[in-house]
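Working notes, beginning with the structure itself.
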Amino acid sequence: MKKNSMAALAGPFLPDAGLLFARVAGALLVLHVHGLPKLLHFSEELAHIDDPLHLGRAVTLYCALFAEIVCPLLVAAGLLTRLACLPLLFLLGVSMLLVHPDWSIADGQFGWLLIIVFGTIAISGAGRYSVDARLRR
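This is how it looks when you write it as C-alpha cells:
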C-alpha cells in the first residue's frame, strides 16, 4: 500500500514529453534571444560580431545564423535532431570558451544551461513526439 501511494505521488514517467519540452523551450530561447535579433539587425551584427576562428565576419555571421535559426527550427520539430544539435553545441562551445573565456560560471550560466539542454537532446534523441520518430516507423 505504501509503495503504491509513493508511486502515485511521483506521478507517471514521461521522458518523451520531457524531451519535447526541452527541445521546444531550448529552441525558442535560442531563436528569440540570438537568432532573430541577428537576422533582423544583420548589418549591425556584421559590423561587430566576434570572429574567434578567423573565418571572416560574414562567414562567422552566416554560420551563427544557421546555428541559431535553422538548427533550432529542426530541433523544435524533432527533424534530424541529433545532427541539428551539433552546430548549436559547437557555437555555444566557441562562444563560452573562445569569445567569453573571462566569464564566470554565473556570467555564462545561460550559455552553459543551453549546452546542457542541447547536449542532453543530442545524447537522448528527439523522443517519441518528433518527426524523427515518425520517420523511423
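Numbered continuously in this note's numbering, the sequence shown closes out at residue 266. Even for Gly, the Cβ is constructed at its ideal location relative to N, Cα and C.
Using the Cα positions of residue i and residue j, report the straight-line distance between them to the nearest angstrom.
i: Gly164; j: Asn133; result: 47 Å
i: Asp261; j: Leu212; result: 11 Å
For residue i, which of helix, strand or coil comes out of DSSP?
i: Phe142; result: coil
i: Pro166; result: helix
i: His161; result: helix
i: Gly254; result: coil
i: Gly147; result: helix
State buried or exposed for residue i, treating a residue as buried only when at least 16 other CB atoms are found within 10 Å of its CB.
i: Asp180; result: exposed
i: Arg265; result: exposed
Give me the residue from the options with the minimum Cα distance to residue i.
i: Leu157; options: Ala196, Ala139, Ile178, Asp145; result: Ala196
i: Gly256; options: Gly155, Leu264, Gly207; result: Gly207
i: Leu182; options: Gly222, Glu173, Leu209; result: Gly222
Check your understanding: On the three-pair Cβ rule with 8 Å, is the region 172-187 touching the region 232-243?
Key -> no
**Study point:** Contact the region 233-253 vs the region 142-153: 3+ CB pairs below 8 Å
**Key:** yes
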